[in-house]
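Counted the way the working numbering counts, the sequence shown spans residues 5 to 184.
Here's the structure, in C-alpha cells; my notes come after.
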Amino acid sequence: SLALTTSAEYGDSIYSVAWSSDGNYLAVGGSGSNDGAELHIYSMNTQDYLYQVTGANYGNRILEMDWSSDSQYLALAGGTPDNGNELQIYSFDSTTSTLSYLDGKDFGAGGSYETWAVAWSPDGDYVAVGGENDGRLKIYYFDGSDLSDAIIDENLGASIIHSISWSPCGNYLSVSPVSP
C-alpha cells in the first residue's frame, strides 16, 4: 500500500513532477512558488525527507518537464517565460547541485503560445515539444549544448497537444492532441 513519507511546501500550483532516471532527484514545476522559482529540484536525505537542492526561474508557469535518460539535462515546457522561450533546456550537475540554462526555443508568436508537452528521445539526441498554435508538434536535435532549428514542425490541426511519449526504441512518437 502507499503511504506518505514526506512532502515539501511549493506554493500555489504544481503542474508537473519528474524523477531523474537515476531516481536521485525530483523536479517539480508549476507557478506561484514561495521563492519565485518555478522549477525546484529536490533530493531525499537519509531520513527520507525531501530537501531542495536548487531551482530556477522560468517565468509564469511550467506545465511539463522531462529528464534526459542520463539525468544530465532537463527540458521544460510552459507558458509566458521570462526569456520568451517556451522550450528551455537546462544542464544539471549532480556533484554541485547546479542548474545551468543551455538553450531554448520560442514556440511561436514571441512567447504568447504555451507548450504543454515535452519529451526527450531515449538516446537524448532529440526533444519533442507540443502545445498550442494549432496543435503544433516540433522536434529539435540537441547536441549537448544547443538545440537545432526545428527538424519537424507540424500543425496537427488540434487546439492543444497535451502529451508526447517516445517509444523505447526511439523510432515512434505518440502524441495526444485535443480536437478544436
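The beta carbon of each residue, even a glycine, is placed where N, CA and C say it ideally should be.
**Request:** Kindly indicate the opening and closing residues of the beta strand (DSSP E) around Thr3.
**Result:** The shown model of the chain, from 5 to 184, leaves out residue 3, and the question about it has no answer.
**Request:** Check each candidate in Pro172, Gly135, Cys173 and Leu177 and name the one with the smallest Cα separation from Gly161.
**Result:** Gly135
**Request:** Using beta-carbon positions only, say whether Tyr94 and Tyr77 come within less than 8 Å of one another.
**Result:** yes
**Asked** With 16 as the cutoff for other CB atoms within 10 Å, does Glu13 come out buried or exposed?
**Response** exposed
**Asked** In terms of residues, what are the limits of the beta strand (DSSP E) holding Asp107?
**Response** Thr102 to Lys109
**Request:** Given a cut-off of 8 Å, decide if Ala132 and Ser167 are closer than it, judged by their beta-carbon atoms.
**Result:** Not closer than 8 Å, so no.
**Request:** State the Cα-Cα distance for the pair Trp170 and Ile66, rounded to the nearest angstrom.
**Result:** 21 Å
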